[in-house]
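Protein chains in written order, with the working numbering: chain C, 377 to 806; chain V, 41 to 265.
Just so it is clear, CB atoms sit at the ideal spot from N, CA and C, and this is done for glycine as well.
Predicted, not measured: the structure shown is a model, and the values here were computed from it.
Reviewing the structure listed below.
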Amino acid sequence: MTPAELALTSTAKKAAKPARHLMSPTRFLRLSRHAAGALWGQKGKAFLMMIGTAVGIMLLTAVVGLSAGVQKRIDQITAFFGPRSVMIFAGGGELHGAGGRAEAGTTLKLQDYQAIRDQIGYEAVVTAGIFSGDVAIKAGNVGTQTHAVSAPPSYSEAFDWYVQEGAPIDSDDERSMARVAVFGTTAAKNLFGDEDPVGKRFLLNKVPFVVKGVLASKGTSAMGFDQDDRVWIPLSTGMNRVFHQDYIRFIRLKVRQDYTVSSVVAQVTDILRARHRIVPPEQDDFRTITPDFIAARVQSMARTTELVGAALAFVALLVGGVVLMNILLLSLSERVPEIGLKRALGARQRDIFTEFVAESVLVSLLGMVLGVLLGLVPVLAIPKFFPMMPMAVSWQTFAYAALFSTGVGLLFGVQPARRAAKLNPVEALR
Amino acid sequence: MIELQGLEKTYHTGGVDTPVLHDINVSIEEGEFVALMGPSGTGKSTLMNILGLLDRPTGGKYTLGGVDLTALDDNQLSTIRNRRLGFVFQLFHLLPRVSVLQNVLLPFLYTEPYPADAKERAMQILQSVGLGDRINFKPNTLSGGQQQRVAIARALINEPAFILADEPTGNLDSVASGEILDIFDAIHRKGRTIIMVTHEPDVAARAERVITLKDGRVASDERRR
Ligand SMILES: Nc1ncnc2c1ncn2[C@@H]1O[C@H](COP(=O)(O)OP(=O)(O)OP(=O)(O)O)[C@@H](O)[C@H]1O
Ligand SMILES: [Mg+2]
């Protein structure tokens, strides 16, 4: 055998092995780059091939942006509400707005609170009270309005809100209906200016009080109101000396580490139903609100938009994919001689297949880039003009976009690529 | 060395059998320059396609360098085409969208491992066919003769043992044809095997051996020189 013949033999033997292999990474890169060049060579067609994917990915980006925004809003509200907390409001029926103020009810009594505290106090920190908006406070000749919370000493622990100055409401104050108050920083500033409020006297709805302490500042809530504009007084004082009412407005539980929110909710519900003699399916005369409940509320508001958007994105991707496939199939007939030539030059069927799938995937990825850019416009612009509309950019935007565009490219590129690979080289060259 | 023993080819299209090649027995040594002649429709292109591993015979045996090719699968045949064979077509078959240089580099797309000096080799070969100053031109800006020279450079890039040319001058005027044939002569002098189909006796005169097909059989096989 001549050296050339030996070489040929070894080539043939070597070729026997890679038949099973997919393809070397360098070869794959070469073919992909070549495919990119082929796309560049037919820019107009490539643009037509990518617009469907671009529209689909644009919608997808907007939908994912909305979802991410909703999730962010839920996280904010949950953090504000307390992730392991339960609120029970007086009055039954549907709630208007997520976490919004319940319509006034008088069905919760002090004894309900005491029963819950005594029965499951080891599972949760329990507090209760009355929120009163627009109470008048006056010191000297300064008068203003604020919110009053009438609540027992457990208020601090249940809301994770402690005094930064002076002393909190304690059990002696509660027992003796003491006319003492703890101020939020905003209310303190409004009434006393820069002076130290602790020890100062003032009138609350014309009842004389003494300032006992100042709460740490919590700032503005996710819903946009100033939480520091409030005063906290003992529950007994509020009920008997200021507001003269025999009912409370809320019971609040902060579930301790080793217990679950759902089991606490179940127990509280049982206790209240037993005390109020409610037998399901009779309607409860109280409402139990948990972070999960709020999350479900917020989510349900965005759900329809998300579903419609996702469906549109899906349809656009599908239509885009079909268009992509058909343009590839059409352009195939023009490129038959090219395929024959490449086969003659040593392209395997798999190489031709790879080139065409690479073209399809690359064009989809271009569509993805365009789609993400277009989709980010509403995601970034809408919160600027409508702050209530939650929209956020998240890593998921890019993950989904990459996943779906690659999927479209693969799915709809396979058929034309297979057809190209299966062409008979002799006929293709004719 | 190419050895054809009792080679047969019958096309089956639409339920009709068209026998084209019958009992072809030919061996071609490395370094030969062979012209393949014969009337139109006699099976020259069919034979070239089989020699070029683009089509399979329906009978007989084809061995290349001692390897029986009928046993190999498509991947293996593709590798042999890439490494051992160079094609020159009547219609040039250049990729219009890429440069002359990229056209010449095209076979390396399918070569493992990709040669480190690919570009230098391509430039050198383009220089040797007189196109050193045209490497960045698009094929459609070149004359027919120049395009065919690009195609020859492409066929030579992987230093194949065999050049298969089916009517390489069929689309060229006599001046361009002469240039192409001069290049073939030069390639042949460097030791490559050339198998060329032609209708023209003066083109065939460049070869040292002329095989004539008639009705799918070898009618004559003459060595000159
Ligand atoms: N795919 C096919 N199916 C059926 N018959 C075919 C097919 N390809 C070629 N033929 C027939 O085989 C015969 C030989 O064709 P081929 O192209 O090999 O001839 P040729 O010698 O190259 O002719 P020319 O000089 O005109 O190029 C012709 O009769 C042709 O019609
Ligand atoms: Mg022919």
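- Should Tyr154 of chain V be listed as close to ligand 1, given that the test is whether its C-beta is under 8 Å from any heavy atom? Your numbering for residue 154 of chain V matches position 114 in the second sequence. Distances taken from the Cβ of Tyr154 of chain V to the heavy atoms of ligand 1 include none shorter than 8 Å.
- Query: Which residues, taken in chain order from the region 96–119 of chain V, show a beta carbon closer than 8 Å to some beta carbon of chain C?
  - Reply: Those would be Leu104, Gly105, Gly106, Val107, Leu112, Asp113, Asp114, Asn115, Gln116, Ser118, Thr119, in chain order.
- Hey, how far is the Cα of His52 of chain V from the Cα of Thr58 of chain V? For the purposes of this step, residue 52 of chain V is taken as the residue at position 12 of the second sequence. For the purposes of this step, residue 58 of chain V is taken as the residue at position 18 of the second sequence. Going from the Cα of His52 of chain V to the Cα of Thr58 of chain V covers about 6 Å.
- State the DSSP-derived secondary structure class of Ser400 of chain C, mapped to helix, strand or coil. For the purposes of this step, residue 400 of chain C is taken as residue 24 along the first sequence, with counting starting at 1. Judged by DSSP in its simplified three-state form, Ser400 of chain C adopts coil rather than helix or strand.
- Message: According to DSSP, Lys49 of chain V sits in a beta bridge with which residue or residues?
- Response: In the second sequence, residue 49 of chain V corresponds to position 9, counting from 1. According to DSSP, residue pairing for Lys49 of chain V in a beta bridge involves V:Leu61.
- Query: How would you write the range of the alpha helix (DSSP H) that Arg679 of chain C sits in, first residue to last?
  - Reply: Counting from 1 along the first sequence, the entry for residue 679 of chain C is found at position 303. It spans 667–710 - the alpha helix (DSSP H) in which Arg679 of chain C sits, taken as one unbroken run.
- Check each residue's C-beta against every heavy atom of ligand 1 and list, in chain order, those closer than 5 Å. This criterion selects V:Tyr51, V:Thr53, V:Thr58, V:Val60, V:Ser80, V:Gly81, V:Thr82, V:Gly83, V:Lys84, V:Ser85, V:Thr86.
- What did DSSP end up calling Ala247 of chain V once you bin it into helix, strand or coil? As a working mapping, residue 247 of chain V is identified with position 207 in the second sequence. Correct three-state label for Ala247 of chain V: coil.
- Query: What's the gap between the Cα of Ile627 of chain C and the Cα of Ala504 of chain C?
  - Reply: Here residue 627 of chain C refers to the residue found at position 251 of the first sequence. Here residue 504 of chain C refers to the residue found at position 128 of the first sequence. Each residue's CA atom was taken as its position, placing Ile627 of chain C and Ala504 of chain C some 4 Å apart.
- Quick one: list the residues of chain C neighbouring Pro208 of chain V, beta-carbon separation under 8 Å, in chain order. Start at 1 with the first residue of the second sequence, and residue 208 of chain V comes out as number 168. Chain order gives no chain C residues near Pro208 of chain V, where near means a beta carbon separation below 8 Å; the closest approach is about 14 Å.
- Using Cβ-Cβ distances below 9 Å, what residues of the region 140–159 of chain V are close to chain C? Listed by position, the residues of the region 140–159 of chain V near chain C (Cβ gap below 9 Å) are Gln142, Leu146, Pro147, Phe148, Leu149, Tyr150, Thr151, Glu152, Pro153, Tyr154.
- Query: Do we get a CB-CB distance below 9 Å when we pair Leu94 of chain V with the residues of chain C?
  - Reply: For the purposes of this step, residue 94 of chain V is taken as the residue at position 54 of the second sequence. Output row for Leu94 of chain V: interface = yes.
- Proximity to Leu706 of chain C [Cα-Cα], best of C:Arg606, C:Gly569, C:Lys421, C:Val439: Translated into positions along the first sequence, residue 706 of chain C becomes position 330. Nearest of C:Arg606, C:Gly569, C:Lys421, C:Val439 to Leu706 of chain C, Cα basis: C:Lys421.
- Task: Return yes when the C-beta of Asp108 of chain V is under 8 Å from any heavy atom of ligand 2, and no when it is not.
- Result: On the second sequence, residue 108 of chain V is found 68 positions in, with the first residue counted as 1. Taken from the Cβ of Asp108 of chain V, every heavy atom of ligand 2 lies 8 Å or farther away.
- Item | Contact set between Val138 of chain V and chain C, taken where Cβ atoms lie within less than 7 Å | Stepping through the second sequence from its first residue, residue 138 of chain V is reached at position 98. Correct list: Gly413.
- Please find out if some non-hydrogen atom of ligand 2 comes closer than 8 Å to the beta-carbon of Glu48 of chain V. By 1-based counting over the second sequence, the position of residue 48 of chain V is 8. No, ligand 2 has no heavy atom inside 8 Å of this Cβ.
- Query: Is the shortest distance between the beta-carbon of Val739 of chain C and the beta-carbons of chain V less than 9 Å?
  - Reply: As a working note, residue 739 of chain C is residue 363 in the first sequence. Under the Cβ distance rule, Val739 of chain C does not count among the residues neighbouring chain V, no pair being separated by less than 9 Å.
- Phe177 of chain V touches chain C at which residues, Cβ-Cβ below 9 Å? Stepping through the second sequence from its first residue, residue 177 of chain V is reached at position 137. None at all; the shortest Cβ gap to chain C is about 16 Å.
- Along chain C, in chain order, which residues have C-beta atoms closer than 7 Å to that of Asn89 of chain V? Indexing the second sequence from 1 puts residue 89 of chain V at position 49. Chain-order list of chain C residues neighbouring Asn89 of chain V: Val802, by C-beta distance under 7 Å.
- Task: Mark Ala474 of chain C as exposed unless 16 or more other C-beta atoms lie within 10 angstroms of its C-beta, in which case mark it buried.
- Result: On the first sequence, residue 474 of chain C is found 98 positions in, with the first residue counted as 1. With a pLDDT of 35 at Ala474 of chain C, under the threshold of 50, the modelled position of this residue cannot be trusted; read the value that follows with caution. Classification for Ala474 of chain C: buried.
- Would the C-beta of Val784 of chain C count as close to ligand 2, meaning under 8 Å from any of its heavy atoms? Here residue 784 of chain C refers to the residue found at position 408 when the first sequence is read from its first residue. Within the chosen limit of 8 Å, ligand 2 does not reach the beta carbon of Val784 of chain C with any heavy atom.
- Item | Neighbour flag for Arg794 of chain C against chain V, beta carbons, 9 Å | For the purposes of this step, residue 794 of chain C is taken as the residue at position 418 of the first sequence. By this cut-off, Arg794 of chain C is not an interface position.
- Query: How about Ala534 of chain C and Ile506 of chain C: are their beta carbons less than 9 Å apart?
  - Reply: Reading the first sequence from its first residue, position 158 is the one you call residue 534 of chain C. Reading the first sequence from its first residue, position 130 is the one you call residue 506 of chain C. No, the pair does not count as a contact, with Cβ atoms beyond the cut-off.
- CB contact flag (Phe578 of chain C, Leu567 of chain C, <9 Å): For the purposes of this step, residue 578 of chain C is taken as the residue at position 202 of the first sequence. For the purposes of this step, residue 567 of chain C is taken as the residue at position 191 of the first sequence. Yes, the pair counts as a contact, with Cβ atoms nearer than the cut-off.
- Go to Ile506 of chain C, then tell me how far its alpha helix (DSSP H) extends in each direction, as first and last residue. For the purposes of this step, residue 506 of chain C is taken as residue 130 along the first sequence, with counting starting at 1. For Ile506 of chain C, no alpha helix (DSSP H) encloses it; the enclosing beta strand (DSSP E) starts and ends at 500–515.
- Message: Taking only three categories from DSSP, how would you classify His239 of chain V?
- Response: In the second sequence, the residue the question calls residue 239 of chain V occupies position 199. Note: His239 of chain V maps to coil in three-state DSSP.
- Would you please verify whether the beta carbon of Asn211 of chain V is less than 9 Å from any beta carbon of chain C? To locate residue 211 of chain V, count along the second sequence from 1; it is residue 171. No, Asn211 of chain V does not count as interfacial toward chain C.
- Query: Can you name the residues of chain C whose CB is closer than 7 Å to the CB of Leu135 of chain V?
  - Reply: In the second sequence, counting from the first residue as 1, residue 135 of chain V sits at position 95. Residues of chain C whose Cβ lies closer than 7 Å to the Cβ of Leu135 of chain V are, in chain order, Glu714.
- Run down chain V in chain order and give the residues with a C-beta less than 9 Å from the C-beta of Gly420 of chain C. Within the first sequence, numbered from 1, the residue matching residue 420 of chain C stands at position 44. Correct list: empty, because the minimum Cβ distance to chain V is about 13 Å.
- Which residues in the same chain have their Cβ closer than 8 Å to the Cβ of Ser85 of chain V, if we skip the five residues on either side of it in sequence? For the purposes of this step, residue 85 of chain V is taken as the residue at position 45 of the second sequence. Cβ within range, chain order: Asp206, Val237.
- Query: Quick one: what's got a C-beta closer than 6 Å to Leu799 of chain C's C-beta in the same chain, skipping five residues either side?
  - Reply: Taking the first residue of the first sequence as position 1, residue 799 of chain C is located at position 423. Within the same chain, Ile715 come within 6 Å of Leu799 of chain C by CB-CB distance, once the 5 residues on both sides are set aside.
- Message: I'd like to check one pair, Arg719 of chain C with Pro792 of chain C: are the Cβ atoms closer than 9 Å?
- Response: What you label residue 792 of chain C is simply residue 416 of the first sequence in a count that begins at 1. What you label residue 719 of chain C is simply residue 343 of the first sequence in a count that begins at 1. In this structure, Arg719 of chain C does not lie closer than 9 Å to Pro792 of chain C by Cβ.
- For Asp494 of chain C, which three-state DSSP category applies? Here the question's residue 494 of chain C lines up with position 118 in the first sequence. Look at Asp494 of chain C here: in three-state DSSP terms it is helix.
- Item | Coarse secondary structure for Ile545 of chain C, derived from DSSP in three states | Indexing the first sequence from 1 puts residue 545 of chain C at position 169. DSSP places Ile545 of chain C in coil when its eight states are reduced to three.
- Item | Whole-number beta carbon distance between Val60 of chain V and Gly78 of chain V, since they are thought to touch under 8 Å | Against the second sequence, residue 78 of chain V aligns to sequence position 38. Against the second sequence, residue 60 of chain V aligns to sequence position 20. Contact flag wrong, Cβ pair sits at about 12 Å.
- Within chain V, partners of Ser400 of chain C - CB distance below 9 Å: Position 24 of the first sequence, counted from the start, is the residue given in the question as residue 400 of chain C. In chain order: Glu152, Pro153.
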